[in-house]
Each structure stands twice: as structure tokens, then as C-alpha cells.
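Colleague: In the numbering used here, the protein residues as written are 4 to 118.
1) Under 8 Å Cβ to Cβ from residue 117, same chain only, skipping five residues before and after it: list those, please.
2) Applying the 10 Å Cβ sphere with the 16-neighbour rule, what's the burial state of residue 64?
3) What do you get for residue 31, buried or exposed, if any count of 16 or more other CB atoms within 10 angstroms of its CB means buried?
4) Tell me the DSSP secondary structure of residue 9 in three-state form.
5) Quick check: is the beta carbon of residue 86 nearer than 8 Å to any beta carbon in chain C?
6) By the 10 Å Cβ neighbour count, where 16 or more other Cβ atoms means buried, how is residue 99 classified, buried or exposed?
7) With C-beta atoms as the reference, is residue 104 less than 8 Å away from residue 8?
8) Residues bridged to residue 37 by DSSP?
9) Measure the alpha-carbon distance for residue 91 versus residue 114 and round it to whole angstroms.
10) Inspect the CB distances between the stretch 66–81 and the stretch 40–48 and report whether three or more fall short of 8 Å.
11) I need the boundaries of the beta strand (DSSP E) containing residue 25, first residue and last residue.
Next up, the structure:
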């Protein structure tokens, strides 16, 4: 499985961005897709996941502001981020887990939120 993330950028607080992650390869084996982030000097952290059932889970601090979704026809994962805050500044990476429990990562995309 190969993942290619895009859509990061610089936005003012309160603004919006949409991240995309295009998947290719053995995508039929994927059971979970997700977004993670890492801010400077902080640990890598979970942001949101979407399961093959469509069920989603979010980090508490982004619940109600971020929406994870996928377009199966385009093999693409999205993260719509609204009401962005400076503390959302981080490198965002997409992740896939297959039915064997193997993890795959895309390269990160930088999101910077100015106050």
C-alpha cells in the first residue's frame, strides 16, 4: 500500500483546510484509514480514523471541528479541518492498517495555523 498526502498549508486561526491522501497498491486489504500529526517537540498523536464499516473516531480536541471521510471510487482519504487553532499546527500524516495488522504511512504534509 502506498499513500500520498497533500493539502497542507498556512491558514489563519478560524480558517479551514482539507487534507487528501491518495491510496494505491493492495488497497483491498485495508481495514482502517487514519490521520495522525506531530507538532514540533511533541509526540506523534492520533487525530482521526475511519473503519471499513464507516465508523469514525476522533481525538477529543478535534471532535466537532474535523471530519474524516473517504471516497472509495477515488481511493482517497480526506480530513476536513474547520475552525483551525494555532495548536493544530503540525505535520499531518495518513495511515492505513491492513487485515494482517500491517501499518503503512504516507509522507507528512505541513499545516500551520497563525494566530
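Glycine included, each C-beta is placed from N, C-alpha and C at the ideal position. Bear in mind that the values here come from a model prediction, so they are computed numbers and not experimental data.
Modeller: In short:
1) 13, 14, 15, 16, 89
2) exposed
3) Exposed, by the Cβ-count rule.
4) strand
5) Of the protein chains in the structure, only one exists, and it is not chain C.
6) Within 10 angstroms of the beta-carbon of residue 99 lie 16 or more other beta-carbons, which makes it buried.
7) no
8) 52, 98
9) 8 Å
10) no
11) 20–27
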